[in-house]
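The sequence shown begins at 1 in full-length UniProt numbering and counts up one residue at a time. Where a beta carbon is used, it is the ideal one built from N, C-alpha and C, also for glycine. Below is one structure, written out as structure tokens, with a few remarks after it.
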Amino acid sequence: MSCHAEQELSTPDMLQGHIELHHHLFGYLKSMALRCAADLGVPSAIHRRGGAATISDIAADTGVHLAKLPHLRRIMRVLTVAGIFAANDEPSSSADQDGDAAGETVYTLTPPSRLLVGDRATCNMAPLMRFLARPEVAAMFFGLDTWLRDGDTGAATLYQAAHGGVPAWEMTKRDSSYNRALNEACAVDTSFVMDIAVREGGDVFRGLSSLVDVGGGHGAAAMAIARAFPHIKCSVLDLPQAIIEAPADGTVNFVAGNMFEYIPPANAVFLKYVLHCWGEEDCIKILQQCKKAIPARGDGGKVIIINAVVGSGEPQDNALKETQVLFDVYMMGIGGGFSDYKIKPILGFISVIEVYP
């Protein structure tokens, strides 16, 4: 059958296709608008106003210049349509095309924006938003087509292709601001994940007497485990530049080292978002060091892995599926990810996996 036999699109289908293409192409604007709101502190401003604020309130509390009020209103409209914020019903008929009038639209928080409120009562994910929207991170995907054509002669990863051959983790030694932003992002994400993991999947930690968090940075995960299970002696192993500013309150012991060379002995090794940063051969090396560090299964030894996994969770949840595959492509960009896996999830798009020697 000739390829020209493909049925031509109807006018409605062509128009719908046109809309969907633009929807996807403008997707980066949502990311930039979200980062802008996080940087300005819009969620916190709404929270401090009792959970509801007008555009004038938000501008006054975040330092937005009055001349830029119409522009802020348009950014808030994008984020409201995207579900990051909620707004009251349409403003009165005397409003102009850009939005508010005498009876200004009132903006409120939704579950996503509640995670960006910067106070101690909530988990503030703003540092994670800022890191993932950094120019150095986004830049690696501008050369995706070239990198795919390069074959074995090109840069090993997208990140290296965009940064003169420098791997993502090498950048933490060369750029202190990048290192700080990464540590802050990892800390808030870990606090969020571990709060749920300890409450919903705490059984994996029961019966342990010691645990080493490999690649644990400033120790957010180890501290959460130590607080929930005070009898577990928790340590963190990471590179020197990763733990240089780690808190020294005695809750967790910090060890500078390389996981490919040595992992301190413990009842269990904890790996959160570590294996997906490396290729399969490197992951095997890491797991071999894990096996050396823990006792036999009969003596309570095990490896606990927390990772995002493509294909886990509710199959009908499109937001979950899209988040998984986008996260997978991000990990591909920095050189991580397995070619295949089969794991049972328990935490949304994040899974807790137990591995025994």
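Task: Identity of the residues DSSP links to Tyr107 by a beta bridge - done: Ala53 and Ala87
Task: Completely contained beta strand (DSSP E) runs for the segment 202 to 289, where each covers 3 or more residues - done: 210 to 214, 233 to 238, 253 to 256 and 268 to 272
Task: Inter-residue Cα distance where the pair is Ile305 and Phe229 - done: 18 Å
Open item on the list: For Leu211, which residues in the same chain have their Cβ closer than 6 Å to its Cβ, ignoring the five residues on either side in sequence?
Closed with: Ile232, Cys234, Ala266, Ala268 and Phe270
Open item on the list: I need the boundaries of the alpha helix (DSSP H) containing Cys36, first residue and last residue.
Closed with: Gly27 to Leu40
- [ ] Would you mind giving the Cβ-Cβ distance between Tyr107 and Ala187, rounded to the nearest angstrom? I have them listed as a contact below 8 Å.
- [x] The Cβ separation is near 28 Å, so there is no contact.
Open item on the list: Just to confirm my understanding: we take Gly41, look at its own chain, exclude 5 residues before and 5 after, and list those with CB closer than 7 Å. What are they?
Closed with: Thr62 and Gly118
Task: Classification of residue 431 by the beta-carbon crowding that lies within 10 angstroms, buried from 16 upward - done: Here the chain comprises residues numbered 1 to 357, so residue 431 is not present and cannot be evaluated.
Task: Neighbourhood of Cys123 by C-beta, 8 Å cutoff - its chain only, sequence neighbours within 5 removed - done: Leu115, Val188, Ser191, Phe192 and Asp195
- [ ] Leaving aside the five residues before and after Trp147 along the sequence, list all residues of the same chain whose C-beta is less than 7 Å from its C-beta, in chain order.
- [x] Gly154, Ala155, Leu158 and Ala161
Open item on the list: Which of the three DSSP states is assigned to Arg134 in this structure?
Closed with: coil
Task: Nearest-angstrom beta carbon gap, Thr172 and Leu242 [assumed within contact, 8 Å] - done: Residue identity differs from the one stated: residue 242 is Ala in this sequence, not Leu. Indeed they touch by this definition, with Cβ atoms about 7 Å apart.
Open item on the list: To test your reading of the DSSP string, which unbroken alpha helix (DSSP H) runs of 4 or more residues are found completely within the segment 121 to 197?
Closed with: 126 to 132, 135 to 139, 144 to 150, 158 to 162 and 168 to 174
Open item on the list: On a Cα-Cα basis, can you pick out the residue from His65, Gly165 and Ile55 that is closest to Trp74?
Closed with: The residue asked about is misnamed: residue 74 is Arg in this sequence, not Trp. Comparing Cα-Cα distances from Arg74 to each of His65, Gly165 and Ile55, the minimum goes to Ile55.
Open item on the list: For Cys283 and Cys290, I'd like the C-alpha separation in whole angstroms.
Closed with: 10 Å
Open item on the list: Comparing C-alpha positions only, which one of Ala181, Trp278 and Asn88 sits nearest to residue 359?
Closed with: Since the first residue shown for the chain is 1 and the last is 357, residue 359 is missing from the structure and cannot be characterised.
- [ ] State the Cα-Cα distance for the pair Gly216 and Leu79, rounded to the nearest angstrom.
- [x] 33 Å
Open item on the list: Let's test the definition: count the other Cβ atoms within 10 Å of the Cβ of Ser10 and tell me whether it reaches 16, buried, or not, exposed.
Closed with: exposed
Open item on the list: Quick check: the Cα distance between Leu239 and Ala222, rounded to an integer number of angstroms?
Closed with: 16 Å
Open item on the list: According to DSSP, is His65 part of a helix, a strand, or is it coil?
Closed with: coil
Task: Close Cβ partners of Ile334 (< 7 Å) along its chain, the five nearest in sequence each way excluded - done: Thr157, Tyr159, Ala168 and Cys277
- [ ] Would you check if the distance between the CB atom of Gly51 and the CB atom of Leu109 is smaller than 7 Å?
- [x] yes
TODO: Would you identify the three-state DSSP class for Ile294, choosing helix, strand or coil?
DONE: coil
Task: Segment limits, alpha helix (DSSP H) that includes Leu116 - done: Here Leu116 belongs to no alpha helix (DSSP H), and DSSP marks it neither H nor E.
Open item on the list: In this structure, how does DSSP classify Leu9 when only helix, strand and coil are distinguished?
Closed with: coil
TODO: Given a cut-off of 7 Å, decide if Arg49 and Asp39 are closer than it, judged by their beta-carbon atoms.
DONE: no
Open item on the list: Less than 8 Å between C-beta atoms, sequence neighbours within five positions excluded: which residues of the same chain meet that for Ala185?
Closed with: Pro127, Leu128, Arg130, Phe131 and Leu132
- [ ] Quick one: grab the DSSP three-state call for Gly335.
- [x] coil
Open item on the list: Only counting the same chain, and skipping five residues up and downstream in sequence, which positions put a Cβ closer than 6 Å to that of Lys30?
Closed with: Ala82
Task: Reference Arg206, options Ala33, Val214 and Ile225, closest by Cα - done: Ile225
- [ ] Check whether the Cβ atoms of Ile263 and Val214 sit closer than 7 Å, and answer yes or no.
- [x] yes
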